[in-house]
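S.K.: What follows is a structure written as structure tokens; I'll ask about it next.
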Amino acid sequence: MNTMTLDAAGQAEPVQPKAVEQDTVGTQTKVRETVGKPFCDSAKLRMRNVNVFYGEAQAIHDVSLDIGRNEVVAMIGPSGCGKSTFLRCLNRMNDTIEGCRVEGELSLDDEPIYGAKVDVVPLRARVGMVFQKPNPFPKSIYDNVAYGPKIHGIASRRAELDEIVENSLRRAGLWNEVKDRLDKPGTGLSGGQQQRLCIARAIAVSPEVILMDEPCSALDPIATARIEELIDELRENYTIAIVTHSMQQAARVSQRTAYFHLGHLVEVNDTETVFTNPQHELTEAYITGRFG
Amino acid sequence: MTDLSQTKLTQQQVRERIEQRLASRHRKEKIFRGLGIASIAFGMLAVLVLFTDIISKGSGAFVQSAIELRVHYDEQVLGIDKVDDESLAWANFTGVIREALRERFPEASSRSEKRELYSLVSTGAPFTLRDRLEANPELLGQTETVWLTADDDVDTFVKSLSDSAEGFRGRTSDQKAGWIEQLMASGELKKRFNTTFFTNGDSREPEQAGIRAALMGSLFTLLVTLALSFPIGVAAAIYLEEYAPKNRWTDLIEVNINNLAAVPSIVFGLLGLAIFINFFELPRSAPLVGGLVLTLMTLPTIIISSRAALKAVPPSIREAAMGMGASRMQVVFHHVLPLAMPGMLTGAIIGMAQALGETAPLLMIGMVAFIVDVPGGITDPSTVLPVQIFLWADSPERAFVERTSAAIMVLLSVLILMNASAVLLRKKLERRW
Ligand SMILES: Nc1ncnc2c1ncn2[C@@H]1O[C@H](COP(=O)(O)OP(=O)(O)OP(=O)(O)O)[C@@H](O)[C@H]1O
Ligand SMILES: [Mg+2]
């Protein structure tokens, strides 16, 4: 009987929007169940009743969500609400965290993501990830991008590998800047270039889904704009889930937006609806800046 | 803002308070810097004293007095008529040397005088002649001038002349001292570079004693130690750090590894004696067993430092590799190990340096034996540098004093060489991220 209200009150948020307090009594069932459109017909990723625990503490409460093919879904919400945790469930990066437990049904193309029989190696080749902080390997730019194809045995010849590297760097909009110094360390690039290198590295193995956890948080507006453009281009071939703190960014790149609050998925709707006409009080409070 | 107005401090007051604290802050800074400089100075001074002491004591061992004699390879004195292995083994080279000495100093007539005279050259000198004759058989019946190693009493006396005009006599009689001075004056007694020290094994006679056997023994022992402890230590560290779940068992293992690092080394020696020698019946005094024992001793050091090196690798690198779909082993071998390797090597070198200087456990497994032959492999009986130092330091002959210091110098040189190569290796492997 974990209702949204109890949790919210229990956490003693500094600013409690009044509207929520008044309304929750009447809408108890409503808050528990995500409002809006969490499901879609041609789901690439299907998540049902996902609960995530760090030891005893529960970080994600009963979240159900679909991410459609060639769709960009933005995840927003106040800091610590579990966006990263949820995102990391999708390619099982949480497996590496000691004491982290994931419950629920998650599937990629109707194949289960979790389970004793599932091998994470091919899963992560299909579901790539770009992290909040650019984390290129301390190797050359070429080796950074070539690493994925190499370990998965994608390229059979050197020429093929060269082609993959060039293509990936081109799509990440980095080729012109680095084509003359492919043998230089990737760590020697600027922050924005590093992040694009990480994106190039992720798309080099042609994943079907790309997870991005605040990919632009360390970047200047120009680099950010470049990456947003890139996301738009990538959408033709990939399914993308992006966590962001910038509502403008969510509005610019995504088709649907999911609002998380204290581990609950409060609202999922078409991005335009979320930003112009949010259905849930918490969402409204957050996007209008009264909360979080 | 609100805080300041609540406590009613004016900006002026705030500034004054900061000023007041500033003086004491600067003073503390100065004191701390002074303390640092003082401790470094103390350390440097200690090293300086140690080095000057050892070098001043030990440098003498690198030269050795030798006496020039005209020897006649007389067939009759030697008692042979041809040069082959059998006759060389029989030949009386001592007689040849004695004759040459009598010829040089005809005044020695009484038995005791002659004994004095014969003790001018080392008891190892006949072997020098044998080697020469073996190499040049045509010398039989001929006469030639050779430099023969002087006895250690002579050497000690000659070297002590630079300290005092009298010199250190010991067992040297006035007459013998006179002969020595005579030889020195005529240039027939000279201090020459002591090659014996670097080519021979141990000996009861200081002038024939060398460091080679101990050096090779140390080398073989360290090779065994490194070949075993580095891979085992790194593998254990990787397993504990990257694979093992964090539970009560791994905690227990961790605590025990730390405990092991603090166990007195002699205990490892006893363990080695019981297991490797008594149970597995491996040869005594062998570098193989020494290396096994030292492996037990250095493993904790290597495991602990390797784990620290692995921990220091930024988790973002692991995440990046994992996110690309690398398997655990690929993450470790492609990304983590290359970054951790410099740190691991440092740990290994510290462990090796410890092992190089270790004496106690090796005494337990019989590496304290008197070894004359230079070992040729890991199963030959041998001793190691620190044990050799211990043995020489315990010998009564004065000439062993300088050899002890010289052996320490050799040990320190090996140590410095090892550390320098470690630093170079580290520099080469180190990468920025
Ligand atoms: N490794 C961990 N161990 C224990 N608790 C964790 C761990 N990682 C996250 N948490 C907790 O889980 C909750 C959700 O964290 P999460 O990182 O998913 O938040 P987030 O929405 O991504 O926040 P941000 O916007 O600041 O990145 C937080 O309360 C956090 O303290
Ligand atoms: Mg996050």
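Note that the protein sequences, when read in sequence, are chains A and X. Just so you know, the first sequence maps onto residues 1 to 292 in the UniProt record's numbering. Just so you know, the second sequence maps onto residues 1 to 433 in the UniProt record's numbering. From the three backbone atoms N, C-alpha and C, an ideal C-beta is built for every residue, glycine too. Since this is a predicted model, take the numbers as computed values, not measurements.
So is the beta-carbon of Tyr54(A) under 6 Å away from any non-hydrogen atom of ligand 1?
M.R.: At least one heavy atom of ligand 1 is nearer than 6 Å to the Cβ of Tyr54(A), so yes.
S.K.: Does the segment 131–148 of chain A come close enough to the segment 198–215 of chain A that 3 or more CB-CB pairs lie under 8 Å?
M.R.: yes
S.K.: Would Met329(X) be called buried (16 or more neighbouring beta carbons within 10 Å of its own) or exposed?
M.R.: exposed
S.K.: Let me know the secondary structure DSSP gives His245(A) once reduced to three states.
M.R.: coil
S.K.: So which residues of chain A does Lys246(X) contact, with C-beta pairs closer than 8 Å?
M.R.: Glu98
S.K.: Does the separation of the CB atoms of Leu88(X) and Leu101(X) fall below 7 Å?
M.R.: no
S.K.: So which of Gly99(A), Val268(A) and Ser190(A) has the shortest CA-CA distance to Ser254(A)?
M.R.: Val268(A)
S.K.: At the 7 Å Cβ level, is Gly186(A) part of the contact set with chain X, yes or no?
M.R.: Not one chain X Cβ lies under 7 Å of Gly186(A).
S.K.: Would you list the residues sitting across from Asn51(A) in a DSSP beta bridge?
M.R.: Glu103(A)
S.K.: In the DSSP output, which residue or residues are listed as bridge partners for Pro112(A)?
M.R.: Secondary-structure assignment with DSSP links Pro112(A) through a beta bridge to Ser107(A).
S.K.: Just the C-alpha distance for Ile178(A) and Phe137(A), rounded to the nearest angstrom, thanks.
M.R.: The question names Ile, but residue 178(A) in the sequence shown is Val. Here the alpha carbon of Val178(A) sits roughly 16 Å from the alpha carbon of Phe137(A).
S.K.: Can you give me the C-alpha to C-alpha distance between Ser382(X) and Gln388(X), rounded to a whole angstrom?
M.R.: Going by the C-alpha atoms only, they are around 10 Å apart.
S.K.: Using the DSSP secondary-structure output, state which residues sit across from Val130(A) in a beta bridge.
M.R.: Met212(A)
S.K.: Checking contacts by CB at 7 Å: is Gln353(X) closer than that to chain A?
M.R.: First, the amino acid is wrong: residue 353(X) is Ala here, not Gln. Not an interface residue.
S.K.: Taking only the alpha-carbon atoms, compute the straight-line gap between Leu35(X) and Phe42(X) and give it to the nearest angstrom.
M.R.: 10 Å
S.K.: Would you list the one or two residues that DSSP bridges to Thr149(X)?
M.R.: Ala66(X)
S.K.: Going by the C-beta, is Cys81(A) closer than 6 Å to any heavy atom of ligand 1?
M.R.: yes
S.K.: Look at Ala223(A) and Val145(A) and say whether their C-beta atoms are less than 7 Å apart.
M.R.: Not closer than 7 Å, so no.
S.K.: Just list the residues that DSSP pairs Ile55(X) with in beta bridges.
M.R.: Bridge partners of Ile55(X): none, in fact.
S.K.: Which same chain residues end up closer than 6 Å to Cys100(A) when comparing Cβ atoms and leaving out the 5 residues on each side of it in sequence?
M.R.: Tyr54 and Asn94
S.K.: Taking the alpha helix (DSSP H) that Val145(A) falls in, what are its first and last residues?
M.R.: Ile141 to His152
S.K.: For Tyr147(A), count the other beta carbons within 10 Å of its own beta carbon; 16 or more makes it buried, fewer makes it exposed. Which is it?
M.R.: With 16 or more other Cβ atoms inside 10 Å of its own Cβ, Tyr147(A) counts as buried.
S.K.: When you compare the CB of Ala116(A) with every CB in chain X, is at least one pair closer than 7 Å?
M.R.: no
S.K.: Three or more C-beta pairs closer than 8 Å, one from the segment 180–198 of chain X and one from the segment 350–358 of chain X: is that the case here?
M.R.: no
S.K.: Curious, which full-length alpha helix (DSSP H) runs of at least 4 residues does the segment 371–411 of chain X contain?
M.R.: With a minimum length of 4 residues, the continuous alpha helix (DSSP H) runs that stay inside the segment 371–411 of chain X are 385–393.
S.K.: Kindly indicate which three-state DSSP category Lys179(A) falls into: helix, strand or coil?
M.R.: coil
S.K.: Below 8 Å on C-beta distance, what does Asn167(A) contact in chain X?
M.R.: Within 8 Å Cβ-Cβ: nothing; Asn167(A) doesn't reach chain X, min ~17 Å.
S.K.: Give the DSSP bridge partners of Val263(X), in chain order.
M.R.: DSSP output for Val263(X) lists no bridge partner at all.
S.K.: Could you tell me which chain X residues have their CB closer than 7 Å to the CB of Lys133(A), listed as they occur along the chain?
M.R.: Ser316
S.K.: Using a Cβ-Cβ distance cut-off of 7 Å, determine whether Met129(A) contacts chain X.
M.R.: yes
S.K.: Along chain X, in chain order, which residues have C-beta atoms closer than 7 Å to that of Ala125(A)?
M.R.: Gly325
S.K.: Terminal residues of the continuous beta strand (DSSP E) containing Val266(A)?
M.R.: His264 to Asp270
S.K.: So which residues on chain X does Asp93(A) lean against when the C-beta distance must stay under 8 Å?
M.R.: Looking at the sequence itself, residue 93(A) is Met, so the reference to Asp does not match. Near Met93(A) (Cβ distances below 8 Å), the residues of chain X are Glu319, Met322 and Gly323.
S.K.: Residues in the same chain with beta-carbon distance under 6 Å from Ser285(X), minus the five sequence neighbours each way, listed in chain order, please.
M.R.: Gly366, Met367, Ala369 and Pro381
S.K.: Quick one: any contact between the segment 85–99 of chain X and the segment 63–75 of chain X, if contact means 3 or more CB pairs under 8 Å?
M.R.: yes
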